[in-house]
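Here the numbering used here is used: position 87 in the sequence shown is 450, and no number is missing along the way.
Just so you know, even glycine gets a beta-carbon here, dropped at the ideal spot from N, CA and C.
Single-structure report; data block below.
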Amino acid sequence: MLLGMLAVQAAYLFRADITRSLPMLRPLYLAACAQLGCTVPLAQDAEQIGIVASDLQSDPRTPGRYTLEATIRNRAAYPQAWPYLELTLTDIQDRPLVRRVLTPEQWAQAETAKLRAGFPAGRDQTVTLHFDAPGLQAAGYRLYIFYP
């Protein structure tokens with residue numbers, strides 16, 4: 364009896380790790396947590412998410428207006444939480460001019476249900492951001508993926 368209770372407690376405490384390692388158990392955990400009032404967090408393994416391509420262009424018609432286009436990929440075999448992006452505009456000597464952190468809600472351009480479901484395993488996501496940075500003479504940029 365005590366061993367069974369210990370197993371149940373361990374299954375609860377390590378639910379994120381278990382569902383990441385054994386994604387086929389995620390539906391069972393989701394059903395159980397719906398009854399128990401708990402959540403099953405998505406994995407957050409930034410090393411399994413990569414920037415496949417990125418490009419930053421200034422708008423020649425509107426000074427200070429930029430467009431960032433990027434493709435990120437979840438290389439993991441399991442869905443993950445959508446990562447945060449950090450965009451840094453740099454000067455000609457690669458010194459930071461401005462840095463901005465973008466939440467998944469700001470860059471993923473997805474409805475809430477898609478954000479909750481997570482970044483699907485083995486999939487790419489295109490990012491297109493238009494933004495203004497007036498008065499900056501940005502010569503380059505850096506783009507990072509991270510989880511807070």
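Distances from the CA of Cys396 to each of Asp408, Val371, Tyr441 were compared; the closest alpha carbon is that of Val371. Considering only Arg463, Ala444, Tyr392, the residue with the shortest C-alpha distance to Gly400 is Tyr392. Residue environment: Tyr510 is assigned as exposed (fewer than 16 neighbouring CB atoms within 10 Å of its CB, all protein chains considered). A residue is called buried when at least 16 other Cβ atoms come within 10 angstroms of its Cβ; Val403 meets this threshold and is buried. Selection Leu460, Thr434, Gly367 evaluated against Pro497 yields Leu460 as nearest (Cα-Cα). Per the coordinates, the alpha-carbon of Arg463 lies some 14 angstroms from the alpha-carbon of Ala501. Considered as a whole, the segment 377-402 harbours 378-384, 389-399 as its complete alpha helix (DSSP H) runs of no fewer than 4 residues, in chain order.
A Cβ-Cβ distance of about 5 angstroms is found for the pair Asp418 and Glu432, placing them in contact under the 8 angstroms criterion. Residue pairing by DSSP places Thr489 opposite Thr434 in a beta bridge.
In the three-state DSSP reduction, Thr475 falls in the helix class (H, G or I). In this chain, the alpha helix (DSSP H) harbouring Pro467 covers 467-470.
With respect to the 9 angstroms criterion, Pro426 and Ala484 are not classified as neighbours on the basis of their beta carbons.
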